[in-house]
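Data first, discussion second: the structure below is written as structure tokens.
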Amino acid sequence: IYIRMTMDFSQKKTKLFLDHAIAGAASGFITRLLCQPLDVIKIRFQLQVEPISRYHVSKYKSISQAVLLILREEGSTALWKGHIPAQLISITYGMSQFYSYNVFLKMLQRVPQIEEWHHMTHFVAGAGAGCVGTIISFPFDTMRTRLVAQSNNHRVYNGILHSCRQVIKNLIFQLIKSPRVFFFGLLPTLLQIAPQTGLQFTFYELFKGLYKRYISDTDIGFHNSMLSGSAAGFVAKTIVYPFDLAKKRLQIQGFQHGRKEFGKFFQCNGLLDCLKVTVKEEGVQGLFKGLVPSQIKAATTTALHFTTYEQVLLLLKMLR
Numbered sequence: 001i002y003i004r005m006t007m008d009f010s011q012k013k014t015k016l017f018l019d020h021a022i023a024g025a026a027s028g029f030i031t032r033l034l035c036q037p038l039d040v041i042k043i044r045f046q047l048q049v050e051p052i053s054r055y056h057v058s059k060y061k062s063i064s065q066a067v068l069l070i071l072r073e074e075g076s077t078a079l080w081k082g083h084i085p086a087q088l089i090s091i092t093y094g095m096s097q098f099y100s101y102n103v104f105l106k107m108l109q110r111v112p113q114i115e116e117w118h119h120m121t122h123f124v125a126g127a128g129a130g131c132v133g134t135i136i137s138f139p140f141d142t143m144r145t146r147l148v149a150q151s152n153n154h155r156v157y158n159g160i161l162h163s164c165r166q167v168i169k170n171l172i173f174q175l176i177k178s179p180r181v182f183f184f185g186l187l188p189t190l191l192q193i194a195p196q197t198g199l200q201f202t203f204y205e206l207f208k209g210l211y212k213r214y215i216s217d218t219d220i221g222f223h224n225s226m227l228s229g230s231a232a233g234f235v236a237k238t239i240v241y242p243f244d245l246a247k248k249r250l251q252i253q254g255f256q257h258g259r260k261e262f263g264k265f266f267q268c269n270g271l272l273d274c275l276k277v278t279v280k281e282e283g284v285q286g287l288f289k290g291l292v293p294s295q296i297k298a299a300t301t302t303a304l305h306f307t308t309y310e311q312v313l314l315l316l317k318m319l320r
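Residue 220 in the UniProt record's numbering sits at position 220 of the sequence shown, with consecutive numbering throughout.
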């Protein structure tokens, strides 16, 4: 009887974690579909060395100007450039992130007197989940960045499969080193994503609690998830933004040909050098290039991410 009860409990636990994975994948897919244009604009700003100003010769001067210029030069489809690899990122990341978050959370909750460190528990579980999701989805992120970064007149890659083939072909003579191309910028990404995801989950739980206390006592409400997720995403992204910029700039190293029409090419060697060169050439404000569209994107995507996840999870529970 004990063995049967243990097996039943184990099966229920597996199904529960599977629900979190499915809800996370659905959340990633829907969020990416709706928010891809914001990501394209953010990346264009991050990779531009010249100042983002109306009174400068820079290619992109503001969000509205960038959108209109992209539409005029490349067409509306350019706002969804790199969408397929981006979807692969979002689905794999969302699935592995929410799955591992709940696994880590359950593990941490077994620690004696952990309730006294409630917010720290969510931070640690979120940071760990962010790292797991990032490592699994990072090769797709590198391909997506290069697809978005290239110009129409200097195409290096025509799609994700061509991108993958070309990267391997260009580095075939490096043998063992060749797979590393898919992980350029991984260190700053992990340094960025661990605290960012940890902060997202921490602030999300915090804002959800405040919403329930002062506005509505609904446990998992649509408005609660949207508002709490939006605020959590905005705050977390602002805190860790320089690492996000460094990651994008590291991912295009060795990709000069595809960037010929976008002004001066940014060159650096590693994370610290990237931050140092950015401050030297562009000032401290250079570390926050593309911050506004990034904040808008973070607030929007985090709100959609958590809300879709919560709603799909509820739906799966109802169907069981």
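Each residue gets a CB set at the ideal place from its N, CA and C atoms; glycine is no exception.
What does a CB cutoff of less than 8 Å around R52 pick up in its chain, not counting 5 residues either side in sequence?
Sequence index remark: in the sequence shown, residue 52 carries index 52 (1-based). Checking the displayed sequence, the identity of residue 52 turns out to be Ile instead of Arg. Cβ neighbours of I52 beyond the five flanking positions: F45, S58, Y60, K61, S62, K289 and G290.
Take the Cβ of I91 as the centre, count every other Cβ of all protein chains shown within 10 Å, and call the residue buried at 16 or more, exposed below.
Taking the first residue of the sequence shown as 1, we reach residue 91 at position 91. It counts as buried.
Proximal residues to V292 (C-beta, below 8 Å), its chain only, five neighbours per side dropped
Locating residue 292 in the sequence shown gives position 292, counting from the first residue. Listed in chain order, the non-local C-beta contacts of V292 below 8 Å within the same chain comprise I63, local neighbours out to five positions each way being set aside.
Assigned exposure category for N224 - 16 Cβ within 10 Å defines buried:
As a working note, residue 224 is residue 224 in the sequence shown. Label assigned to N224: buried.
Examine the Cβ distances between the segment 111-125 and the segment 67-86 and report whether three or more of them are shorter than 8 Å.
Result no; under three Cβ-Cβ pairs closer than 8 Å.
Got a sec: does the ligand COA put a non-hydrogen atom nearer than 7 Å to the Cβ of R213?
Looking at this structure, you won't find the ligand COA or any other ligand, since it has none at all.
Alpha carbon to alpha carbon, how far is L171 from C268?
Along the sequence shown, read from residue 1 onward, the residue named residue 171 stands at position 171. Along the sequence shown, read from residue 1 onward, the residue named residue 268 stands at position 268. Reliability fails at L171, whose pLDDT of 44 lies under 50, so the model's placement of it is uncertain and the value that follows must be treated cautiously. The straight-line gap from Cα to Cα measures roughly 20 Å.
From the DSSP output, in three-state form, read off F288 for me.
Residue numbering aside, residue 288 sits at position 288 when the sequence shown is read from its first letter. Looking at F288 - three-state DSSP - the assignment turns out to be helix.
Look at the alpha carbon of L38 and the alpha carbon of G28, and state the distance between them as a whole number of angstroms.
Taking the first residue of the sequence shown as position 1, residue 38 is located at position 38. Taking the first residue of the sequence shown as position 1, residue 28 is located at position 28. Cα-Cα distance, rounded: 15 Å.
Check for me: the alpha helix (DSSP H) holding V67 runs from which residue to which?
For the purposes of this step, residue 67 is taken as residue 67 along the sequence shown, with counting starting at 1. Taken as a continuous stretch (DSSP letters only), the alpha helix (DSSP H) holding V67 covers I63 to E74.
Return the Cβ separation of G130 and G198 in integer angstroms, given the expectation that the two are a contact with Cβ distance under 8 Å.
Indexing the sequence shown from 1 puts residue 130 at position 130. Indexing the sequence shown from 1 puts residue 198 at position 198. With a Cβ gap of about 7 Å, G130 and G198 count as contacting.
Return helix, strand or coil for T301, following the three-state DSSP convention.
Mapped onto the sequence shown, residue 301 falls at position 301. In this structure, T301 counts as helix in the three-state DSSP scheme.
Is there contact here, the segment 202-209 with the segment 228-244, by at least three beta-carbon pairs under 8 Å?
Verdict: yes, contact present.
Inter-residue Cα distance where the pair is T300 and V279:
Numbered from 1 along the sequence shown, position 300 holds the residue referred to as residue 300. Numbered from 1 along the sequence shown, position 279 holds the residue referred to as residue 279. Computed Cα separation, rounded: 29 Å.
Could you check the C-alpha separation between S100 and V235 for me, to the nearest Å?
Translated into positions along the sequence shown, residue 100 becomes position 100. Translated into positions along the sequence shown, residue 235 becomes position 235. Straight-line spacing of the CA atoms in S100 and V235 works out to 23 Å.
Once the 5 residues before and after T302 are set aside, which same chain residues still bring their CB inside 7 Å of it?
Counting from 1 along the sequence shown, the entry for residue 302 is found at position 302. Hits under 7 Å: Q200, G229, S230, A232 and G233.
Determine the extent of the alpha helix (DSSP H) in which R213 is found, giving its start and end residues.
Residue numbering aside, residue 213 sits at position 213 when the sequence shown is read from its first letter. According to the DSSP assignment, R213 belongs to the alpha helix (DSSP H) that extends over L186 to Y214.
What's the gap between the Cα of F173 and the Cα of P139?
The residue you call residue 173 lines up with position 173 of the sequence shown. The residue you call residue 139 lines up with position 139 of the sequence shown. Residue placement at F173 is flagged as unreliable, the pLDDT there being 44, under the threshold of 50; the coordinate-derived value follows with that caveat. For F173 and P139, the distance between alpha carbons rounds to 20 Å.
Is Y309 helix, strand or coil by DSSP?
Against the sequence shown, residue 309 aligns to sequence position 309. Three-state DSSP puts Y309 in a helix.
According to DSSP, is C35 part of a helix, a strand, or is it coil?
Taking the first residue of the sequence shown as 1, we reach residue 35 at position 35. In the structure shown, the three-state DSSP call for C35 is helix.
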